[in-house]
Amino acid sequence: AQSVTQPDIHITVSEGASLELRCNYSYGATPYLFWYVQSPGQGLQLLLKYFSGDTLVQGIKGFEAEFKRSQSSFNLRKPSVHWSDAAEYFCAVGAGIQGAQKLVFGQGTRLTINP
Amino acid sequence: EADIYQTPRYLVIGTGKKITLECSQTMGHDKMYWYQQDPGMELHLIHYSYGVNSTEKGDLSSESTVSRIRTEHFPLTLESARPSHTSQYLCASGRVKLFFGSGTQLSVL
Numbered sequence: 169a170q171s172v173t174q175p176d177i178h179i180t181v182s183e184g185a186s187l188e189l190r191c192n193y194s195y196g197a198t199p200y201l202f203w204y205v206q207s208p209g210q211g212l213q214l215l216l217k218y219f220s221g222d223t224l225v226q227g228i229k230g231f232e233a234e235f236k237r238s239q240s241s242f243n244l245r246k247p248s249v250h251w252s253d254a255a256e257y258f259c260a261v262g263a264g265i266q267g268a269q270k271l272v273f274g275q276g277t278r279l280t281i282n283p
Numbered sequence: 126e127a128d129i130y131q132t133p134r135y136l137v138i139g140t141g142k143k144i145t146l147e148c149s150q151t152m153g154h155d156k157m158y159w160y161q162q163d164p165g166m167e168l169h170l171i172h173y174s175y176g177v178n179s180t181e182k183g184d185l186s187s188e189s190t191v192s193r194i195r196t197e198h199f200p201l202t203l204e205s206a207r208p209s210h211t212s213q214y215l216c217a218s219g220r221v222k223l224f225f226g227s228g229t230q231l232s233v234l
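Protein chains in written order, with this note's numbering: chain Y, 169 to 283; chain V, 126 to 234.
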């Protein structure tokens, strides 16, 4: 069965600084990988996804992520964070079973932005 | 903007009550999901559906039940709520890209 580990429960960065959120996954086959963001009191919004092809994927809001099969990682990055990026970030791995995309989520990383 | 709606947004209820959490989507998605999320924890899949009259249990065991009589509607029911059911319940739809509702925060006293 697939699993996801987000080693950092809480990260604080200054506005304008660069950001990297770590994600490690466990899955026997080629994974579908996702990053979702959850603002307080809101549902989850998809930032980006990786299925195949180019291992560096671009997402919304200036985020990108790089798939590294050798490290079983899918880290999320942003060159310069904005105060509005403060939120909870979830990495997820998906396995299509009978066409249903069952996602397994990591524990999440809470991002705090210092002014 | 995702067209998936959950009601109520917040629910505080006493032990033993029957409750139904509503989830509706207007995107015509066949596949819908219910996730349970405790504070500071990951989301766990508790139910999913491939389409009308199709429902399956997810990875996390749950005492709740679901039904899928119409494509756009995927309600979740707890026959007798208990304090252990206190959690946030998130509904989602989609095949690859999932769209999430804003969730229902359930508190059972």
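Where is the CB? At the ideal position from N, CA and C, for every residue including glycine.
Selection from the options that minimises the alpha carbon distance to residue i
i: arginine 207 (chain V); options: V:Phe224, V:Val137, V:Gly176; result: V:Val137
i: phenylalanine 231 (chain Y); options: Y:Gly262, Y:Phe242, Y:Phe273; result: Y:Phe242
i: leucine 215 (chain Y); options: Y:Ala169, Y:Phe235, Y:Val225; result: Y:Val225
i: threonine 196 (chain V); options: V:Gln162, V:Ser218, V:His172; result: V:Ser218
i: proline 208 (chain Y); options: V:Phe224, V:Leu223, V:Gln213, V:Arg220; result: V:Gln213
i: histidine 154 (chain V); options: V:Gln230, V:Ser227, V:Lys222; result: V:Lys222
i: serine 149 (chain V); options: V:Thr211, V:Lys143, V:Leu215; result: V:Leu215
i: leucine 279 (chain Y); options: Y:Lys236, Y:Lys270, Y:Ser171, Y:Glu183; result: Y:Glu183
i: proline 200 (chain V); options: V:Ser209, V:Val177, V:Met166; result: V:Val177
i: glycine 141 (chain V); options: V:Gln230, V:Ser205, V:Leu234; result: V:Ser205
i: phenylalanine 149 (chain Y); options: V:Ser192, V:Met166, V:Thr211, V:Lys182; result: Here chain Y has residues from 169 to 283 only, and residue 149 (chain Y) is not among them.
i: glutamine 170 (chain Y); options: Y:Arg190, Y:Arg245, Y:Thr198; result: Y:Thr198
i: threonine 223 (chain Y); options: Y:Ser238, Y:Ser194, Y:Lys229; result: Y:Ser238
i: glutamine 162 (chain V); options: Y:Pro283, Y:Gly276, Y:His250, Y:Asn282; result: Y:Gly276
i: alanine 233 (chain Y); options: Y:Pro283, Y:Asn282, Y:Ala185, Y:Arg190; result: Y:Arg190
i: aspartate 253 (chain Y); options: Y:Ile228, Y:Ser240, Y:Gly196; result: Y:Ile228
i: proline 247 (chain Y); options: Y:Ala185, Y:Tyr193, Y:Gln210; result: Y:Ala185
i: isoleucine 177 (chain Y); options: V:Ile144, V:Pro164, V:Thr145; result: V:Pro164
Residue i in three-state terms, based on DSSP
i: isoleucine 129 (chain V); result: strand
i: serine 205 (chain V); result: coil
i: glycine 228 (chain V); result: coil
i: glycine 262 (chain Y); result: strand
i: serine 241 (chain Y); result: strand
i: histidine 178 (chain Y); result: strand
i: leucine 250 (chain Y); result: Looking at the sequence shown, residue 250 (chain Y) is not leucine but histidine. Looking at histidine 250 (chain Y) - three-state DSSP - the assignment turns out to be coil, as it is neither helix nor strand.
i: histidine 198 (chain V); result: strand
i: alanine 268 (chain Y); result: With a pLDDT of 48 at alanine 268 (chain Y), under the threshold of 50, the modelled position of that residue is not reliable, and no figure is offered here.
DSSP bridge partner residues for residue i (one or two, in chain order)
i: tryptophan 159 (chain V); result: V:His172, V:Cys216
i: isoleucine 138 (chain V); result: V:Val233
i: valine 221 (chain V); result: None; valine 221 (chain V) has no bridge partner.
i: threonine 180 (chain V); result: DSSP lists no partner for threonine 180 (chain V).
i: tryptophan 203 (chain Y); result: Y:Leu216, Y:Cys259
i: serine 171 (chain Y); result: Y:Ser194
i: lysine 236 (chain Y); result: Y:Ser241
i: arginine 278 (chain Y); result: Y:His178, Y:Glu256
i: serine 149 (chain V); result: V:Tyr130, V:His198
C-beta neighbour in chain A for residue i, strict 9 Å
i: isoleucine 177 (chain Y); result: In the structure shown, chain A does not exist; the protein chains are Y and V.
Nonlocal neighbours in the same chain, by C-beta distance under 6 Å from residue i, ignoring five residues either side
i: valine 205 (chain Y); result: Gln213, Leu215, Ala255, Tyr257
i: tyrosine 187 (chain V); result: Position check: residue 187 (chain V) holds serine in this sequence, whereas tyrosine was assumed. Hits under 6 Å: Ile171.
i: isoleucine 129 (chain V); result: Gln150, Ser218, Phe224, Gly226
i: threonine 132 (chain V); result: Glu147
i: serine 232 (chain V); result: Val137, Thr211
i: glutamate 188 (chain Y); result: Asn243, Arg245
i: leucine 234 (chain V); result: Gly139
i: threonine 135 (chain V); result: Just to set this straight, residue 135 (chain V) is tyrosine in the shown sequence, not threonine. Result list for tyrosine 135 (chain V): Gln230, in chain order.
Contacting residues, own chain, Cβ-Cβ under 7 Å from residue i (five flanking each side not counted)
i: aspartate 184 (chain V); result: His169, Leu170
i: cysteine 175 (chain Y); result: A quick correction: the sequence has proline, not cysteine, at residue 175 (chain Y). Arg190.
Nonlocal neighbours in the same chain, by C-beta distance under 8 Å from residue i, ignoring five residues either side
i: tyrosine 290 (chain Y); result: The displayed coordinates of chain Y run from 169 to 283. Any statement about residue 290 (chain Y) would go beyond what the structure contains.
i: glycine 267 (chain Y); result: With a pLDDT of only 44 at glycine 267 (chain Y), under 50, the local geometry of the prediction cannot be trusted, and the value read off the model is given with reservation. Nothing listed; no residue qualifies.
i: lysine 156 (chain V); result: Tyr173, Ser174, Tyr175, Gly176, Ser218, Gly219, Arg220
i: lysine 182 (chain V); result: Ile171, His172
i: isoleucine 144 (chain V); result: Leu136, Ile138, Thr202, Leu203, Ala206, Leu231
Cβ distance (whole Å) where residue i is taken to contact residue j below 8 Å
i: threonine 202 (chain V); j: serine 189 (chain V); result: 6 Å
i: threonine 180 (chain Y); j: asparagine 192 (chain Y); result: Contact doesn't hold; Cβ gap of about 21 Å is too wide.
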